[in-house]
Amino acid sequence: MPELEYNEEEILARASQGDRDSFGQLYERYVERIFNYVYYRTGNTHDAEDLTARVFQRAMNHIKNYTDRGVPFSAWLYRIAHNLVANWHRDRSRKQEIPLDDLPILPARGDHPEKNLVRSQEQDALLRMIRKLPSERQNLLILKFVENMSNAEIGSIMGRSEGAVKSLYHRTLLALRDQLEDQNLNLEGE
Amino acid sequence: MTKRKKTHTPEEDIQLLEAHLAGTLKPVTPSREVIQRLRGRIQMPNREEITLRLTDWRRLFIVFGGVVSGMLLLITLARAFYYLTGRKDMM
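This is how it looks when you write it as structure tokens:
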């Protein structure tokens, strides 16, 4: 979508000069993606909402410092989100972890609401395992599956090469498979 | 997920895992209220922004200069008024 990208450049230029309406357009475009990322990293809607607001507040305050050095604006936003989520985890590391059962079920795009009401034990177990992975691997899985990004796009966000992302992804899958084996669990075909 | 019975090859295991990850990590849609609430929050000046404004020394200097000038003008006017009304009383 070259036209959209071109528009985004213009919007970014205006937003960096303090035009709030232009920033509002960027907000509309990215808010759901950032919310999704934070939601899967925190595991609850309340903190996801709070942290998403902080991501955009921080972006708004620093957008005049944003310079396009081949890194897309979305990557810049995800990095802000990543830093805020990391701080959030650091602050909470001394406190009790939220049980996964408290994770409110939000409707997935394209799914019937009723389908989301019954989250299977498999998904619970898998989510629990994902949340125990190192932060970088969680990021990778969220960006790949939730945000549907390519390895190259993920690389630009994580500051790694495409090959490094591919390799990390493979190691993450192997680690998850080993965890499943350790827990004597078997994934069944759908 | 059931107790493990080894029926798949390692490649099949990985493919199955990827399929389950795709089924588990689905994009969610926050409610319209959440989006609107967030929009409201980012439009308000936050604490960082207010602090930033206060640390803007040039603006502070202009504001301080303006307040002092205004006060001096008020004192001068008050003194002139007092002087004029005082003279009138003496006459």
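Chains A and G supply the protein sequences, listed in that same order. For what it's worth, our numbering labels the leading residue of the first sequence as 1096, then goes sequentially. For what it's worth, our numbering labels the leading residue of the second sequence as 548, then goes sequentially. All C-beta atoms in this analysis are idealised placements derived from N, C-alpha and C, irrespective of residue type, glycine included. Predicted model only: the values in this text are computed from it and were never measured.
| Going along the chain, which residues of the region 1147 to 1162 of chain A sit with their C-beta nearer than 7 Å to a C-beta in chain G? | Thr1147, Ala1148, Phe1151, Gln1152, Met1155, Asn1156
| Which runs of the alpha helix (DSSP H), 4 residues or longer, sit entirely within the region 1109 to 1191 of chain A? | 1115 to 1137, 1140 to 1157, 1168 to 1187
| task | Following the continuous alpha helix (DSSP H) through Ile1225 (chain A), name the residue where it begins and the one where it ends. | result | 1216 to 1227
| task | Kindly list the residues whose CB is nearer than 7 Å to the CB of Val1213 (chain A), restricted to its own chain and excluding five residues on each side of it in sequence; keep chain order. | result | Only weak support is given to the placement of Val1213 (chain A): the predicted model assigns it a pLDDT of 46, under 50, and the value that follows is read from those uncertain coordinates. Excluding sequence neighbours, Val1213 (chain A) sits near nothing in its chain.
| field | Helix, strand or coil at Leu572 (chain G) [DSSP, three-state] | value | coil
| field | Asp606 (chain G) at chain A interface by Cβ criterion, 7 Å | value | The identity of residue 606 (chain G) in the sequence shown is Arg, whereas the question assumes Asp. It does not; no Cβ of chain A falls within 7 Å.
| message | As a quick exercise: from A:Ala1108, A:Tyr1132, A:Pro1229, A:Glu1127, pick the residue whose alpha carbon is nearest that of His1177 (chain A). | response | A:Tyr1132
| field | Within 7 Å, strictly: CB atoms of Ser1117 (chain A) and Arg1109 (chain A) | value | yes
| task | If I'm right that Tyr1264 (chain A) touches Lys1239 (chain A) with Cβ under 8 Å, what's the distance once you round it to whole angstroms? | result | 7 Å
| Which two residues bound the contiguous alpha helix (DSSP H) that contains Met1253 (chain A)? | 1246 to 1253
| task | Could you pull the start and end residues of the alpha helix (DSSP H) that Asn1234 (chain A) belongs to? | result | 1230 to 1236
| task | Return the first residue and the last residue of the alpha helix (DSSP H) that Glu1257 (chain A) is part of. | result | 1257 to 1277
| said: Which residues in chain A have a C-beta closer than 7 Å to the C-beta of Arg588 (chain G)? List them in chain order. | reply: Ala1148
| Beta carbon proximity, Lys623 (chain G) to chain A, threshold 7 Å | It is worth fixing the name first, because residue 623 (chain G) is Thr in this sequence and not Lys. Cβ-Cβ to chain A under 7 Å: no for Thr623 (chain G).
| task | Return yes when the Cβ of Val1241 (chain A) is within less than 7 Å of the Cβ of Tyr1122 (chain A), no when it is not. | result | no
| field | Residue from G:Leu585, G:Thr571, G:Asp560 with nearest C-alpha to Gln1216 (chain A) | value | G:Thr571
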